[in-house]
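The next block holds one structure in the form of structure tokens; read it before the comments.
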Amino acid sequence: MPHRSIAVTRRQPLVATTITTVRRKVRILRAREQTIGLVPTMGYFHEGHSSLMRAAREECDYVVVSIFVNPLQFGPQEDLDEYPRDAERDLELAACESVDMIFSPETGEMFSGTAAGSRAGGFADTGSRTYIEPGPAAAGLCGAARPGHFRGVTTIVAKLFNIVRPERAYFGGKDAQQAAVIRQMVRDLDFGIDIRVLPTVREPDGLAMSSRNVYLTADERKHAQVLYRALSAARAAAAEGETGAAALRLLLEKSINAEPGVEFEYAEIVDADSMRPVEEIDGDSLAMVAVTVGGARLIDNMFLLGGKD
Ligand code: AMP
127 MPHRSIAVTR RQPLVATTIT TVRRKVRILR AREQTIGLVP TMGYFHEGHS SLMRAAREEC
187 DYVVVSIFVN PLQFGPQEDL DEYPRDAERD LELAACESVD MIFSPETGEM FSGTAAGSRA
247 GGFADTGSRT YIEPGPAAAG LCGAARPGHF RGVTTIVAKL FNIVRPERAY FGGKDAQQAA
307 VIRQMVRDLD FGIDIRVLPT VREPDGLAMS SRNVYLTADE RKHAQVLYRA LSAARAAAAE
367 GETGAAALRL LLEKSINAEP GVEFEYAEIV DADSMRPVEE IDGDSLAMVA VTVGGARLID
427 NMFLLGGKD
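Put into structure tokens, the structure is as follows:
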């Protein structure tokens, strides 16, 4: 019998670029009592993004992935213009995860009627608008190093929540402070959205996947492995009974500083929910690190005790 090949057609996600299109679809879905899952991203997908889409696919009737390189969360000297983009590949990867809709608005669509709408830029030229001022979880760590960053994140995520009205939204543990800031916003402002935070997806050598890893040369890529090595060493020390945050913090700083080509920014041991520094670690303590390698600012974190990562 001749072999018959069956063409597998993968359903492409609907690509929406306007808020009106999304709202129209959301109205229909809600009338049918379908649950909506939202995965907010800045695009240039990797396995970290795919893992969030997969979780959303498992738990929700309809999966929306937003792609928006949010100018509000970039400082004036940061990489907004160079941020990597590949819409075609993103669409393919989203299709692989059976995503229903990609919402990829132009900057002007998200900021219509404001200065940022006509002149997408950093924090400086965003015109007058309403912001969501994040709570204390945003104060230290990346919040201290990148003034205005988390206010940019909360403001855009709140807009996305209002546009998509999801039951659940999915974030990566890789950006642990962002996840804590969003959880606090949702609690404080009664969004009524279930915030799911998923484990960090890593390269085989331990480097946390990040769209910004494309900035690294082969040599820098090797130096960047120090983040995972330092965090693993801190976790091993904790497993052996070191519970003092000061000692663990020092261990992180020393390991990172011993690596050439890596500029140390911070190492802190904090509570995963409040992002407040702790003195003695427990099962909710996160080791958080930030460095610059070549032109790329890289962050990573790890739970020090227990099975979480
Ligand atoms: P981004 O496009 O970098 O803004 O990330 C979009 C979402 O993907 C955020 O919730 C990130 O925390 C999450 N994410 C980014 N990298 C990873 C990773 N390596 N593992 C898991 N989630 C990630």
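All you need for the working numbering is the position in the sequence shown, starting with 1, plus 126.
Note that the Cβ used here is the ideal one computed from N, Cα and C, for glycine as well.
DSSP state of alanine 265 mapped onto helix, strand, coil:
coil
Any chance the CB of methionine 401 is under 6 Å from a heavy atom of ligand 1?
no
Could you tell me the boundaries of the alpha helix (DSSP H) in which glutamate 389 lies?
No alpha helix (DSSP H) holds glutamate 389; the beta strand (DSSP E) holding it covers 388 to 397.
Output yes or no for whether 7 Å exceeds the beta carbon distance between proline 139 and tyrosine 170.
no
Boundaries (first-last residue) of the alpha helix (DSSP H) holding tyrosine 341
Taken as a continuous stretch (DSSP letters only), tyrosine 341 belongs to no alpha helix (DSSP H), as it is neither H nor E.
Whole-angstrom distance between glutamine 351 and glycine 243, CA atom to CA atom
In this predicted model, glycine 243 has a pLDDT of only 43, less than 50, meaning its place in the structure is not dependable enough to derive any value.
Rounded straight-line distance, which links the Cα of leucine 357 to that of tyrosine 188:
37 Å
Going by the C-beta, is valine 327 closer than 6 Å to any heavy atom of ligand 1?
yes
Assess contact between the region 273 to 282 and the region 142 to 157, defined as three or more Cβ pairs (one per stretch) separated by less than 8 Å. Is contact present?
no
Going by the DSSP bridge assignment, what does serine 411 pair with across the sheet?
Asp397
Sequence-distant residues of its chain with Cβ nearer than 6 Å to alanine 360 (five each side left out)
Leu374, Leu377, Leu378, Ala413
Ordered along the chain, which non-local residues of its own chain (more than five positions away) have a Cβ less than 7 Å from that of aspartate 212?
Tyr170
I'd like to know whether the C-beta atoms of leucine 217 and isoleucine 282 end up nearer to each other than 7 Å.
no
Thinking C-alpha only, which one of Ser411, Gly409, Arg338 is nearest glutamate 204?
Arg338
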